[in-house]
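Sequence order for the protein chains is A and B.
The opening residue of the first sequence carries number 655 in our numbering; numbering runs sequentially from there.
The opening residue of the second sequence carries number 4 in our numbering; numbering runs sequentially from there.
For reference, the structure discussed in these notes is given below.
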Amino acid sequence: MSQAPKVESREPGPPESAASALDPRPSTLVRYLGIYAALWKNSVTRETMFKGNFLLWILVEIIWFALQLTFIGVLFLHTDTIGSWTKWQVVLLVGASQFIQQIYQAFFLINCVNLSELVRTGKMDFLLLLPVNTRFVLSLRQVDLGGFVNASFGAVVILYAARQIPITPSVATVLGFLALCIVGVLIHYCLMFMLATVSFWTVRAQGIVYGYYNLFNIARLPDEAFRGVFKAVFTFVLPMLLVSNVPVRLLTDTLQSQAWLLLLLGMAGVCALASEWVWRISLRRYTSASS
Amino acid sequence: MNKYWHVIGVGVQNNLTYRFNFLARTLFGFIPLLAVVFLWRTIFAGKGAGATVATFTLAQMTSYYLIVTLADALTAVNEDDWQIAADIKDGNISQFLLKPVDYLYFRFCLYLSGRLTYITVAALPIGLLIFSLREYFVLPPDGLTFGLFLVSLFLTALLQFLLSYTMAMLAFWVLEVSTFIFILYAFEYIASGHMFPLDILPPAIKQALFFTPFPYQLYFPVGVYMGKITGTELIRGLVMQTGWVVVAYSLARFAWQRGLRKYSAVGG
Chain A
655 MSQAPKVESR
665 EPGPPESAAS
675 ALDPRPSTLV
685 RYLGIYAALW
695 KNSVTRETMF
705 KGNFLLWILV
715 EIIWFALQLT
725 FIGVLFLHTD
735 TIGSWTKWQV
745 VLLVGASQFI
755 QQIYQAFFLI
765 NCVNLSELVR
775 TGKMDFLLLL
785 PVNTRFVLSL
795 RQVDLGGFVN
805 ASFGAVVILY
815 AARQIPITPS
825 VATVLGFLAL
835 CIVGVLIHYC
845 LMFMLATVSF
855 WTVRAQGIVY
865 GYYNLFNIAR
875 LPDEAFRGVF
885 KAVFTFVLPM
895 LLVSNVPVRL
905 LTDTLQSQAW
915 LLLLLGMAGV
925 CALASEWVWR
935 ISLRRYTSAS
945 S
Chain B
4 MNKYWHVIGV
14 GVQNNLTYRF
24 NFLARTLFGF
34 IPLLAVVFLW
44 RTIFAGKGAG
54 ATVATFTLAQ
64 MTSYYLIVTL
74 ADALTAVNED
84 DWQIAADIKD
94 GNISQFLLKP
104 VDYLYFRFCL
114 YLSGRLTYIT
124 VAALPIGLLI
134 FSLREYFVLP
144 PDGLTFGLFL
154 VSLFLTALLQ
164 FLLSYTMAML
174 AFWVLEVSTF
184 IFILYAFEYI
194 ASGHMFPLDI
204 LPPAIKQALF
214 FTPFPYQLYF
224 PVGVYMGKIT
234 GTELIRGLVM
244 QTGWVVVAYS
254 LARFAWQRGL
264 RKYSAVGG
């Protein structure tokens with residue numbers, strides 16, 4: 655069920671216009687928001703240059719999403735439940751993991767993939783010289799607007815499945831669900847960023863980055879299907895079985911205990927710290943190339 | 004003929020440079036595979052002992068995915084389509100118009116060398132995986148079945164290669180072929196039996212699929228191996244598969260001819 659990544663041929667854009675957004679001496683937050691707004695403007699301009707392609711990529715994502723839903727549909731022709739998960743709960747899970755994955759893709763994916771290319775060609779130099787936090791520009795340079803469109807399809811599936819189950823969550827639960835989705839996005843980002851920094855050592859880390867796509871496939875399956883070492887690894891090392899399962903369980907009120915919420919938040923903290931640590935070590939290894 | 008052997012040799016050497024990439028790919032590929040096997044186990048456990056899903060027992064279902072992994076390792080197109088498209092886009096094919104080398108055969112040699120290298124690198128992890136699930140790994144019922152499996156597997160390889168090659172020819176007309184490749188790939192993924200054995204689909208849909216080339220890209224040889232496809236069905240399948248190989252070959256040649264008329268040798 656691996657889904658191939660779609661980042662083949664997008665050039666990293668020039669960061670110059672980001673610098674022009676710098677005002678004399680605003681507060682740090684305002685300054686970074688200003689820079690980020692400029693990066694957004696860049697990305698919008700870039701996307702409008704290739705409108706046809708932009709729409710085609712959305713079509714690709716829709717087809718792959720439909721494929722996942724078909725898979726679930728076919729499975730449930732032959733069974734009524736997977737563990738204690740009913741059909742529409744699993745559909746909601748697939749929708750939620752699509753939502754999380756697409757939001758992640760919108761903000762971070764291209765940037766994580768481009769990292770190894772920047773290291774290989776030595777273009778990292780320019781980013782290191784900018785008077786901003788390097789990890790910030792590196793992680794958020796480009797925005798993939800298609801990701802938001804695709805995430806909205808995920809949201810539609812979530813809503814439809816919620817009506818079919820049926821559930822009527824309180825406003826607080828919905829807000830909690832959304833907050834946990836954001837936590838999920840950040841976990842994906844931290845793990846992928848950590849993997850991408852491997853390129854400081856191996857120069858070509860694209861294979862590893864693409865391999866991450868296989869992990870998304872686990873995130874959309876119900877946690878109860880797994881046992882033993884597999885479950886332990888994908889809960890406590892790469893918390894794929896938490897990122898979308900926990901938010902969905904909160905929304906559908908099937909969370910056995912509050913401990914799962916704490917575990918998800920705890921793992922997010924661990925991932926964040928680990929990725930910052932690996933990033934700092936990796937950066938020391940950077941020796942520019944050919945510039 | 005000799006020159007093509009040489010191409011295979013060079014291809015193997017090139018690919019060996021990326022052996023760790025191959026290894027990473029294989030190992031990461033096991034994760035979704037294991038996940039699906041776990042998923043089926045849970046479904047079978049919910050149905051009680053001795054249950055079957057569309058004639059498949061749990062052991063056969065596990066076996067199906069193992070043989071799919073094996074057949075896929077032997078025949079899947081790796082990055083050939085991207086490379087062909089890039090060759091066209093960057094004008095690298097100009098040299099083939101001057102040399103006495105047929106580009107299609109040249110690419111086929113590279114595809115073979117890619118498979119050779121992949122198998123060499125992936126043999127150990129795949130072997131370990133099959134060994135760890137050996138109680139579920141079934142052998143074909145008899146020697147003849149195995150022979151027919153090998154024949155259809157070879158046809159599968161040809162079909163895989165020729166369809167990717169034809170798809171890459173799009174690069175003559177459009178700038179970005181990746182979207183088209185991913186759309187085709189999505190259909191191949193579900194309709195070739197990669198995600199699940201096609202037997203679990205509603206019968207009408209399954210039968211309709213057998214008129215498309217997709218089942219012959221993976222499901223068919225695996226079905227033959229497992230003894231799910233026998234008798235006249237098998238013969239008819241082999242004929243259909245051969246037919247699709249011929250169609251794909253003609254399409255590939257035709258697209259190349261038409262493409263060359265458009266070709267302007269950018270940067271070449």
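Beta carbons are placed, not taken as given, at the ideal position from N, Cα and C, and that holds for glycine.
Note that the structure is a prediction, hence the values are computed from the model and not measured.
Look at the alpha carbon of residue i and the alpha carbon of residue j, and state the distance between them as a whole number of angstroms.
{"i": "B:P205", "j": "A:G727", "result": "11 Å"}
{"i": "B:M172", "j": "B:F257", "result": "10 Å"}
{"i": "A:S929", "j": "A:Q743", "result": "32 Å"}
{"i": "A:G757", "j": "A:R874", "result": "The amino acid occupying residue 757 of chain A in the given sequence is Ile; Gly does not appear at that position. Going from the Cα of A:I757 to the Cα of A:R874 covers about 15 Å."}
{"i": "B:A62", "j": "B:D75", "result": "20 Å"}
{"i": "A:L937", "j": "A:T735", "result": "48 Å"}
{"i": "B:K209", "j": "B:D202", "result": "7 Å"}
{"i": "A:I836", "j": "B:A54", "result": "41 Å"}
{"i": "A:G800", "j": "A:I764", "result": "12 Å"}
{"i": "A:I935", "j": "B:A194", "result": "45 Å"}
{"i": "B:A79", "j": "A:V786", "result": "45 Å"}
{"i": "B:G262", "j": "A:D907", "result": "58 Å"}
{"i": "B:I184", "j": "B:F149", "result": "32 Å"}
{"i": "A:F762", "j": "B:L115", "result": "36 Å"}
{"i": "B:P224", "j": "B:L156", "result": "6 Å"}
{"i": "B:K50", "j": "A:Y843", "result": "38 Å"}
{"i": "B:N24", "j": "A:W718", "result": "25 Å"}
{"i": "A:T941", "j": "A:W933", "result": "15 Å"}
{"i": "A:A922", "j": "A:A826", "result": "21 Å"}
{"i": "A:T851", "j": "A:E771", "result": "11 Å"}
{"i": "A:N868", "j": "B:T120", "result": "22 Å"}
{"i": "B:G240", "j": "B:F47", "result": "30 Å"}
{"i": "A:M778", "j": "B:W85", "result": "27 Å"}
{"i": "A:A658", "j": "B:Y192", "result": "Note on A:A658: pLDDT 44, under 50, position unreliable in the model; the coordinate value appears next. The alpha-carbon atoms of A:A658 and B:Y192 are separated by roughly 11 Å."}
{"i": "B:F17", "j": "B:G117", "result": "First, the amino acid is wrong: residue 17 of chain B is Asn here, not Phe. Rounded to the nearest angstrom, the two C-alpha atoms are 9 Å apart."}
{"i": "A:L794", "j": "B:G32", "result": "29 Å"}
{"i": "A:D677", "j": "A:K885", "result": "Reliability of the predicted coordinates at A:D677 is poor, the pLDDT of 49 falling under 50, and the value obtained from them is presented with this limitation in mind. Each residue's alpha carbon lies about 50 Å from the other."}
Identify the residues that DSSP records as bridge partners of residue i: which are they?
{"i": "A:W739", "result": "A:I736"}
{"i": "B:F59", "result": "B:V56"}
At a cut-off of 7 Å, would you count residue i as near the ligand MG, judging by its Cβ distance to the nearest heavy atom?
{"i": "A:F761", "result": "Questions concerning the ligand MG fall outside what the structure shown contains, since it holds no ligand whatsoever."}
Please report the Cβ distance between residue i and residue j, rounded to the nearest whole angstrom; I am assuming they are in contact, meaning their Cβ atoms lie under 8 Å.
{"i": "A:V601", "j": "A:L784", "result": "The question about residue 601 of chain A has no answer, for chain A in this structure spans 655 to 945."}
{"i": "B:P218", "j": "B:F59", "result": "Contact doesn't hold; Cβ gap of about 16 Å is too wide."}
{"i": "B:T20", "j": "B:V124", "result": "About 12 Å separates the two Cβ atoms, so there is no contact after all."}
{"i": "B:L169", "j": "B:L254", "result": "Note on identity: in this sequence residue 169 of chain B is Thr, with Leu being the wrong assignment. Confirmed, about 5 Å."}
{"i": "B:L221", "j": "B:L151", "result": "Wrong, their Cβ atoms sit about 16 Å apart, outside the cutoff."}
{"i": "B:Y252", "j": "B:L165", "result": "5 Å"}
{"i": "A:L709", "j": "A:A815", "result": "No, A:L709 and A:A815 are not in contact; Cβ-Cβ is about 26 Å, not under 8 Å."}
{"i": "A:W694", "j": "A:V797", "result": "6 Å"}
{"i": "B:Y67", "j": "B:V39", "result": "Not a contact, Cβ separation roughly 10 Å."}
Find out if the Cβ-Cβ distance for the pair residue i, residue j is shorter than 8 Å.
{"i": "B:M229", "j": "B:I70", "result": "yes"}
{"i": "A:I812", "j": "A:G749", "result": "yes"}
{"i": "B:I96", "j": "B:Y108", "result": "no"}
{"i": "B:T65", "j": "B:L136", "result": "yes"}
{"i": "B:P35", "j": "A:N871", "result": "yes"}
{"i": "A:E701", "j": "A:N804", "result": "no"}
{"i": "B:A211", "j": "A:L721", "result": "no"}
{"i": "A:G830", "j": "A:L904", "result": "yes"}
{"i": "A:G808", "j": "A:Q759", "result": "no"}
{"i": "A:V897", "j": "A:I754", "result": "yes"}
{"i": "B:Q244", "j": "B:L158", "result": "yes"}
{"i": "A:A879", "j": "B:T72", "result": "no"}
{"i": "B:G14", "j": "B:L113", "result": "yes"}
{"i": "B:G248", "j": "B:L187", "result": "According to the sequence as given, residue 248 of chain B is Val; it is not Gly. Against a cut-off of 8 Å, the Cβ pair of B:L187 and B:V248 comes out as no contact."}
{"i": "B:M198", "j": "A:F704", "result": "no"}
{"i": "A:I619", "j": "A:P893", "result": "Outside the shown range of chain A (655 to 945) lies residue 619 of chain A, about which nothing can therefore be said."}
Residues within the segment 231-263 of chain B neighbouring chain A, beta-carbon criterion of under 8 Å: Only those residues of the segment 231-263 of chain B whose C-beta falls short of 8 Å from the nearest C-beta of chain A would be listed, and there are none.
Members of the segment 888-904 of chain A that neighbour chain B once the beta carbon cut-off is set at 7 Å: Residues passing the 7 Å Cβ filter: none.
Residues of the segment 759-789 of chain A with Cβ closer than 7 Å to any Cβ of chain B, in chain order: Residues: none.
Residues, ordered as in the chain, of the segment 36-70 of chain B that lie near chain A by beta-carbon distance below 8 Å: Result list: L37, A38, V39, F41, L42, R44, T45, I46, G49, K50, V56 and A57.
Contacting positions in the segment 170-183 of chain B - beta carbon closer than 7 Å to chain A: Here the close residues are E179, S181 and T182.
Residues, ordered as in the chain, of the segment 25-36 of chain B that lie near chain A by beta-carbon distance below 7 Å: So the close ones are A27, R28, F31, G32, I34 and P35.
Within 7 Å of chain A by C-beta, residues of the segment 186-199 of chain B in sequence order: The segment 186-199 of chain B vs chain A, Cβ under 7 Å: I186, Y188, A189, Y192, I193, M198 and F199.
Short-range partners of chain A found in the segment 199-210 of chain B, where Cβ spacing is below 8 Å: Residues F199, I203, L204 and P205.
Contact residues within the segment 834-850 of chain A, judged by C-beta distance below 8 Å to chain B: If the cut-off is 8 Å between Cβ atoms, the segment 834-850 of chain A has nothing near chain B.
Chain-ordered residues of the segment 684-702 of chain A with a beta carbon less than 7 Å from chain B: Within the segment 684-702 of chain A, no residue qualifies.
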